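Each residue of the sequence shown is one higher than the last, beginning at 113 in this note's numbering.
Below: the structure, in structure tokens.
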Amino acid sequence: MRTILALALTALLLAPIAASAESEPLWEVARKQADAGTFGGLTIALGEGASDTSISMQYNDMPSIVEVYTATWCSNCVTSEHAMEEVLSGIDAVQIHYHRHFFEIEDPFGSNSTEERWEAVYGESSTAVGGGPRLAPTSIIDGERMHIGSSPKGESLIDDYTWSMAVGSTAWFVGGAIEFGVSFEAEAATFSWSLDDLVFSCADDCPEQQTTAWLMFVEDSAHFSEGSNNLEDYLHVLHEAIALDSDSGSLSVDVPTAWDGDDMKAILLVDWKIVHDEARNPNPLPAAGLSTLLSLLAAVPVARHLRED
Numbered sequence: 113m114r115t116i117l118a119l120a121l122t123a124l125l126l127a128p129i130a131a132s133a134e135s136e137p138l139w140e141v142a143r144k145q146a147d148a149g150t151f152g153g154l155t156i157a158l159g160e161g162a163s164d165t166s167i168s169m170q171y172n173d174m175p176s177i178v179e180v181y182t183a184t185w186c187s188n189c190v191t192s193e194h195a196m197e198e199v200l201s202g203i204d205a206v207q208i209h210y211h212r213h214f215f216e217i218e219d220p221f222g223s224n225s226t227e228e229r230w231e232a233v234y235g236e237s238s239t240a241v242g243g244g245p246r247l248a249p250t251s252i253i254d255g256e257r258m259h260i261g262s263s264p265k266g267e268s269l270i271d272d273y274t275w276s277m278a279v280g281s282t283a284w285f286v287g288g289a290i291e292f293g294v295s296f297e298a299e300a301a302t303f304s305w306s307l308d309d310l311v312f313s314c315a316d317d318c319p320e321q322q323t324t325a326w327l328m329f330v331e332d333s334a335h336f337s338e339g340s341n342n343l344e345d346y347l348h349v350l351h352e353a354i355a356l357d358s359d360s361g362s363l364s365v366d367v368p369t370a371w372d373g374d375d376m377k378a379i380l381l382v383d384w385k386i387v388h389d390e391a392r393n394p395n396p397l398p399a400a401g402l403s404t405l406l407s408l409l410a411a412v413p414v415a416r417h418l419r420e421d
């Protein structure tokens with residue numbers, strides 16, 4: 113009897129390991145740590161006739177953020193971007209497309225600053241998973257969940273993206289608002305921002321959370337007929353990315369010139385991460401998954417029976 117109970121206990125404990133081995137995750141962690149990401153998405157149009165503007169948005173009303181790494185020669189990018197557009201139909205989301213720029217001979221979009229942000233934020237995880245820091249196509253949702261390539265891990269790309277979008281941001285905030293504004297003088301624009309009203313979702317013994325605001329200049333649509341993937345009209349084109357050095361302040365910048373048309377806009381993003389005290393806990397153990405916890409709970413009466421037998 114003791115042998116049978118011991119085998120049952122072992123089976124219960126190994127069940128979640130077997131389940132996790134059978135099911136491949138639908139996405140990768142986008143950064144070098146899981147408890148980090150991006151939110152925000154406040155947007156101000158900067159086209160002809162734009163005037164001084166100030167907007168405020170409650171944290172709980174903020175859109176999802178979808179960042180995509182792409183190139184005008186990337187045929188697989190067309191597949192993944194069309195799938196993402198289908199998933200986002202009817203969803204409040206802000207899309208930002210980073211175009212390959214370093215060592216690039218065809219794609220005319222992008223800049224040093226856009227490549228530097230992508231590599232600094234997502235390059236380490238991209239290299240660990242895919243072998244390089246800037247892989248087209250790559251789609252990242254809420255700065256947390258990375259999808260590399262155009263081959264689905266589930267039933268389809270649409271399913272993969274749908275499940276990923278459903279998770280939402282896991283930032284440690286419960287409310288408050290972000291403010292974003294612009295004023296124009298001569299040829300320059302002065303942007304202002306404030307994250308001071310955000311409410312951290314922790315009462316006591318709280319971990320340190322860091323936030324970094326970013327000013328992103330995005331063109332709604334740029335026409336480029338020479339793109340070898342034959343897309344021609346490239347959407348959500350990121351031209352410049354500027355890291356802001358405080359949670360509130362102002363900065364005067366020259367607005368980038370649109371590739372064509374009059375559809376440049378400014379977007380405020382916020383990167384967040386939990387700062388871990390590595391000195392106090394240099395080798396933290398991974399958190400147990402739900403299936404592991406349930407198996408442990410189920411094993412308790414079996415173990416008690418073993419002791420009493």
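Heads up, the beta-carbon is just placed ideally off N, CA and C, and yes, glycines get one too.
A quick note: this is a predicted structure, and the numbers were derived from the prediction, not measured.
Determine the direct distance from the alpha carbon of residue j to that of residue i, and round the result to whole angstroms.
i	j	result
E198	I270	8 Å
S333	E160	16 Å
F215	V311	42 Å
G149	P319	16 Å
Y346	K377	15 Å
Q170	Q321	19 Å
F336	F221	10 Å
V349	H211	7 Å
F285	S313	5 Å
E136	W326	33 Å
L247	H194	18 Å
E267	M196	15 Å
L381	G280	15 Å
M258	Y273	10 Å
Since residue i is in the alpha helix (DSSP H), which residue starts that stretch and which ends it?
i	result
S187	S187 to L200
Can you say whether residue i is buried or exposed, counting buried as having 16 or more other CB atoms within 10 angstroms of its CB?
i	result
E331	buried
H209	buried
P249	buried
T182	buried
V233	buried
L397	Confidence in L397 is poor, its pLDDT being 37 and thus under 50, which makes the residue's placement too unreliable to answer from.
T226	buried
Could you please give the first and the last residue of the uninterrupted beta strand (DSSP E) stretch that includes residue i?
i	result
H335	E320 to H335
E179	S176 to T182
F303	A300 to S306
A148	A148 to A157
S168	T165 to Q170
A205	A205 to H211
My parser needs the beta strand (DSSP E) runs of 3 or more residues fully inside the segment 224–291; what are they? You should have 250–253, 257–260 and 285–287.
Would you say the segment 298–313 touches the segment 359–377, given that touching needs at least three Cβ pairs under 8 Å? By the C-beta criterion, the segment 298–313 is judged to be in contact with the segment 359–377, since at least 3 inter-stretch pairs fall below 8 Å.
Note down, one range per segment and in chain order, each beta strand (DSSP E) of at least 3 residues found wholly within the segment 345–376. Counting only runs of 3 or more, we get 345–355 and 360–365.
Would you be able to state if there are at least three C-beta pairs under 8 Å between the segment 253–262 and the segment 185–197? Judged by Cβ distances under 8 Å, the segment 185–197 makes contact with the segment 253–262, as three or more pairs qualify.
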